[in-house]
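Those letters in the sequence shown? Residues -12 to 143, per the numbering used here, in order.
We put the CB at the ideal spot given by N, CA and C, even for glycine.
Report on the structure given below.
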Amino acid sequence: MSDTDLPDGEHTTPPGVSDATVEALGALSEALETVERARGHLYTFHQLTGEADLALGAAVDQLREAGHDEVARRIADDLVGRNVLPGRWTFQIVEEYDDGYWQVFRDHERRAREELAGGVRHLAEARMKQDRRTAGRPGHEVSPGDAERYRPDATP
-12 MSDTDLPDGE HTTPPGVSDA TVEALGALSE ALETVERARG HLYTFHQLTG
38 EADLALGAAV DQLREAGHDE VARRIADDLV GRNVLPGRWT FQIVEEYDDG
88 YWQVFRDHER RAREELAGGV RHLAEARMKQ DRRTAGRPGH EVSPGDAERY
138 RPDATP
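Here is the structure:
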C-alpha cells in the first residue's frame, strides 16, 4: 500500500517500513490493547472489592444494632478490612500490576514502534480503515477535518 492510500498524515507509513512490519506492529498493538482491557477489569475488581468492604462494614453495624454483637464482632474482626491476597489490599495489586507488567508492556510496544515505524501508531488499523471505508461517502471521511468540511450545515 502506498503512503497516499492511508487516511491521514498522522498515520502514513514511513519509507522503508514493510507490510510485514506493519502487520507485526499491529499484532503487538492488539496485544497491548488486550492488556489495557485486563487492566480495566483489574480496576473494576479493585473498586468492587472496596465497595463490598464498605457495604460489609455497614452490614456489621446493622447486625450490632439488631442485637447480634457476637456475630458482628466475629465478622468485623475477621473480614472487614481483610487482605485479599497475603499482605495486599487491591490497591497494592493494582500498583504491582501497573509497575511490573502494564508499564513494561507499554514501554516495549512504544519502543518497537519508535524503532521500526518512526513512532507512528495504529498503522495496521489506518490501512484497514482505508480498505473498508467508502471514499466520498458521508460518515466515511478520511479525517475529522474532512468530516467538518462535509457537514451539511458547514459553510464552504
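Helix, strand or coil at residue i [DSSP, three-state]
i: L43; result: helix
i: R184; result: It is not possible to answer for residue 184, since the shown part of the chain is limited to -12 through 143.
i: A122; result: coil
i: V129; result: coil
i: G37; result: helix
i: V4; result: coil
i: A14; result: helix
i: H(-2); result: helix
i: A25; result: helix
Straight-line Cα distance separating residue j from residue i
i: P125; j: H(-2); result: 21 Å
i: F32; j: E10; result: 33 Å
i: M(-12); j: Q34; result: Any reading at M(-12) needs caution, since the residue's pLDDT is 47, under 50, leaving its predicted position unreliable; the model's value is listed next. Cα to Cα, M(-12) sits roughly 45 Å from Q34.
i: S5; j: A111; result: 11 Å
i: H127; j: G87; result: 40 Å
i: E57; j: L50; result: 9 Å
i: A99; j: E20; result: 15 Å
i: G123; j: S130; result: 12 Å
i: T77; j: E83; result: 10 Å
i: R75; j: A14; result: 34 Å
i: V67; j: A42; result: 10 Å
i: R114; j: D94; result: 24 Å
i: A59; j: N70; result: 19 Å
i: G54; j: D40; result: 21 Å
Residues of its chain near residue i, where Cβ-Cβ distance is below 7 Å and the 5 sequence neighbours each way are ignored
i: L72; result: I80
i: F144; result: The structure shown does not extend to residue 144, since the chain is modelled only from -12 through 143, so no value can be given for it.
i: G37; result: T77
Close beta carbons around residue i, own chain, < 8 Å, minus the five adjacent residues each side
i: L12; result: A99, R100, L103, A104, L110, A111
i: P1; result: A104, G105, V107
Sequence-distant residues of its chain with Cβ nearer than 6 Å to residue i (five each side left out)
i: R26; result: W89
i: A46; result: none
i: I62; result: V47
Any non-hydrogen atom of the ligand ZN closer than 6 Å to residue i Cβ
i: A18; result: Questions concerning the ligand ZN fall outside what the structure shown contains, since it holds no ligand whatsoever.
**Study point:** Minimum length 3: unbroken beta strand (DSSP E) runs contained in the stretch 69 to 114
**Key:** Positions of the beta strand (DSSP E) runs, each at least 3 residues long and wholly inside the stretch 69 to 114, cannot be given because no such run exists.
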